[in-house]
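Here's the structure we're looking at; comments come further down.
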Amino acid sequence: MKLSLSATKLVQPRVSLGLNLEAFFRRKDKVVFVMGATGTGKSRLAIDLATRFPAEIVNSDKMQVYKGLDILTNKVSEEECRGVPHHLLGIVDPDSNFTSMDFQHRASLAVESIHAEGRLPIIAGGSNSYIEALVSDDPEFRLRCECCFLWVDVSLPVLHSFVSQRVDKMVQAGLVDEAAQMFDPLADYSLGIRRAIGVPELDQYFRGGPTVDAKIRARMLHTAISKIKQNTCTLASRQLQKILRLYNNWNWRMHRIDATEVFLKRGDEADEAWERLVAGPSTMIVDQFLCEQNRVPTILTSAVPIAAAVAAASR
Numbered sequence: 000m001k002l003s004l005s006a007t008k009l010v011q012p013r014v015s016l017g018l019n020l021e022a023f024f025r026r027k028d029k030v031v032f033v034m035g036a037t038g039t040g041k042s043r044l045a046i047d048l049a050t051r052f053p054a055e056i057v058n059s060d061k062m063q064v065y066k067g068l069d070i071l072t073n074k075v076s077e078e079e080c081r082g083v084p085h086h087l088l089g090i091v092d093p094d095s096n097f098t099s100m101d102f103q104h105r106a107s108l109a110v111e112s113i114h115a116e117g118r119l120p121i122i123a124g125g126s127n128s129y130i131e132a133l134v135s136d137d138p139e140f141r142l143r144c145e146c147c148f149l150w151v152d153v154s155l156p157v158l159h160s161f162v163s164q165r166v167d168k169m170v171q172a173g174l175v176d177e178a179a180q181m182f183d184p185l186a187d188y189s190l191g192i193r194r195a196i197g198v199p200e201l202d203q204y205f206r207g208g209p210t211v212d213a214k215i216r217a218r219m220l221h222t223a224i225s226k227i228k229q230n231t232c233t234l235a236s237r238q239l240q241k242i243l244r245l246y247n248n249w250n251w252r253m254h255r256i257d258a259t260e261v262f263l264k265r266g267d268e269a270d271e272a273w274e275r276l277v278a279g280p281s282t283m284i285v286d287q288f289l290c291e292q293n294r295v296p297t298i299l300t301s302a303v304p305i306a307a308a309v310a311a312a313s314r
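Quick note: the sequence shown, position 292, residue 291 per numbering that gives the first Met the number 0, numbers continuous.
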C-alpha cells in the first residue's frame, strides 16, 4: 500500500468584511469521498466502510444515477449493498439530462439529510466532474463540510485487463439483451443514459437486425464488444488524469490506496489482499479523520508527489 504523505504549514486566515467568522470556525461536518477509475472497486470499498461506520452512500457515477441498464452501468445489487442505504442511485429518468449542477444540488441535500441523522456520508463514484462541482464549486458545501478523499488506484495495464474481463462477464450476464431494450434508431446518444459506454457501440449491431447473415452478425457483435472494452479502458485513463488534475489544482486531502496487488490474485488470496491493502488501511484513515477536531486552515504541501507515485506504479 502506498499512501500520500503531506506536511502542513499553518497560515493565518484572511478575513474579509463579509465573512461569517462563527460559521468559518465552527466544527464542520465530515464527508468521505471514494474516488478512482472505473473498475477499481470504489463501490466495494464504500460499502465496506459503511458497514464499519454509521454511514450512508451517495452515488457520484453519472450513468448509475439513471434508472435502467443495471448490468451495463454496473450498479450494485441489493445483495451487494448489504443493507447500506444508497442515495442518487437509479433515480433519474433515462431520457433526461442530469447535469453536474443537478448533482451538486441533489448531493448537497442528501449529505445534509445524512448528517441530520447523525451518520457519515460516503460519496462514491467515478464521475469526477460531479465531485468537483460539489467540492470546488459549492461554497456552502465547503463552509459546512470537511472532506477526506480515498483514491483507489490500480496500475493501468492491470486495470485494463480487468475491465476487459469484466465486460465479458457483463455480456454473459445479459448486457446485449439489456441494451437492446433501450435501442431506438432515432435516439440521441449525447443525452441521458444512452451516453453510457455499451449503448452507442451496439447501435450498428442492432440496426443490422436478425435478417443479416449469422456470420456477419456475429462479427458485428464481436466488433461492438471490442469497442466497449477499448472505450472503457480509455475512460479509465481519462479518469486517472482527471484525479491527478483535481489533486494538483485544489490540493485536496487525498490518500492514494494502491490496490494493484488485489487484482493480480484470485479467490481467498484476493479477499485477503483487499482487506490488508485496501479496506483495512482505509478504515484506519477514516477512523482517524472522524476523531480529528477541525483543523486551522492550512496549505498542504505533498511530501511524496502523487503524480510521481502514479507514474512509477504505471510503468
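Glycine residues also receive a C-beta, built at the ideal position from the N, C-alpha and C atoms.
Only a predicted model underlies this, so the values are computations on that prediction, with no experimental measurement involved.
Out of the options, which has the shortest C-alpha to C-alpha gap to residue i?
{"i": "V41", "options": "W251, L289 and Q238", "result": "Looking at the sequence provided, one finds Lys at residue 41 rather than Val. Considering only alpha carbons, the answer is Q238."}
{"i": "E200", "options": "A272, L71, R51 and L289", "result": "L71"}
{"i": "P74", "options": "G82, Q63, I46 and L174", "result": "Sequence inspection shows Lys at residue 74; the Pro mentioned does not correspond to that position. Cα-wise, what sits closest to K74 is Q63."}
{"i": "K228", "options": "K241, I196 and A106", "result": "I196"}
{"i": "P184", "options": "R275, E177 and V198", "result": "V198"}
{"i": "R81", "options": "N250, T50 and S99", "result": "T50"}
{"i": "D69", "options": "P120, D28 and A172", "result": "A172"}
{"i": "D152", "options": "V277, C290 and E291", "result": "V277"}
{"i": "D270", "options": "L44, R194, G35 and R105", "result": "L44"}
{"i": "Y188", "options": "S154, Q240 and Q203", "result": "Q203"}
{"i": "F140", "options": "E291, K27, G208 and I46", "result": "K27"}
{"i": "R244", "options": "E79, A115, I130 and Q103", "result": "I130"}
{"i": "H104", "options": "H254, R265, A132 and W251", "result": "A132"}
Could you tell me how far apart the beta carbons of residue i and residue j are, in whole angstroms, since I believe they sit closer than 8 Å?
{"i": "L149", "j": "S59", "result": "Actually they do not touch by this definition, with Cβ atoms about 13 Å apart."}
{"i": "E55", "j": "H86", "result": "7 Å"}
{"i": "N96", "j": "L190", "result": "5 Å"}
{"i": "C146", "j": "V285", "result": "Rounded, the Cβ-Cβ distance is 12 Å, inconsistent with contact."}
{"i": "H107", "j": "D136", "result": "In the sequence as displayed, the identity of residue 107 is Ser instead of His. Not quite, the Cβ-Cβ distance comes to about 11 Å (not below 8 Å), so this is no contact."}
{"i": "I242", "j": "V170", "result": "Their Cβ separation, rounded to whole angstroms, is 28 Å, which puts I242 and V170 out of contact at 8 Å."}
{"i": "F32", "j": "L119", "result": "Actually they do not touch by this definition, with Cβ atoms about 12 Å apart."}
{"i": "V30", "j": "A109", "result": "With 8 Å as the limit, V30 and A109 do not qualify as a contact, their Cβ atoms being about 11 Å apart."}
What is the residue span of the alpha helix (DSSP H) that residue i lies within?
{"i": "I242", "result": "A213 to W249"}
{"i": "M169", "result": "L155 to Q171"}
{"i": "A123", "result": "No alpha helix (DSSP H) contains A123, which is instead part of the beta strand (DSSP E) from L119 to A123."}
{"i": "D270", "result": "G266 to W273"}
{"i": "L68", "result": "That residue, L68, is in no alpha helix (DSSP H); it is neither H nor E in DSSP."}
Excluding the 5 residues preceding and the 5 following residue i in the sequence, name in chain order all residues of the same chain whose CB lies nearer than 8 Å to its CB.
{"i": "V157", "result": "T259, F262 and L263"}
{"i": "R218", "result": "none"}
How far does the beta strand (DSSP E) with residue i in it extend, from its first residue to its last?
{"i": "R255", "result": "M253 to D257"}
{"i": "G35", "result": "D28 to G35"}
{"i": "E177", "result": "From DSSP, E177 is part of no beta strand (DSSP E) but of the alpha helix (DSSP H) over L174 to M181."}
Would you list the residues sitting across from residue i in a DSSP beta bridge?
{"i": "H86", "result": "V57"}
{"i": "L48", "result": "The partner list for L48 (beta bridge, DSSP) is empty, contrary to what the question assumes."}
Once the 5 residues before and after residue i are set aside, which same chain residues still bring their CB inside 6 Å of it?
{"i": "T37", "result": "G125, L234 and A235"}
Give every residue of the same chain whose Cβ lies closer than 7 Å to the Cβ of residue i, excluding the five residues on either side of it in the sequence, and list them in chain order.
{"i": "S128", "result": "S99"}
{"i": "F182", "result": "F205"}
{"i": "K226", "result": "E200"}
Of all Cβ atoms in chain C, is any one closer than 7 Å to the Cβ of residue i?
{"i": "D136", "result": "No chain C is part of this structure, which consists of one protein chain only."}
Please indicate yes or no: does the CB of residue i lie closer than 6 Å to some heavy atom of the ligand COA?
{"i": "S135", "result": "The ligand COA is not part of the structure shown, which contains no ligands of any sort."}
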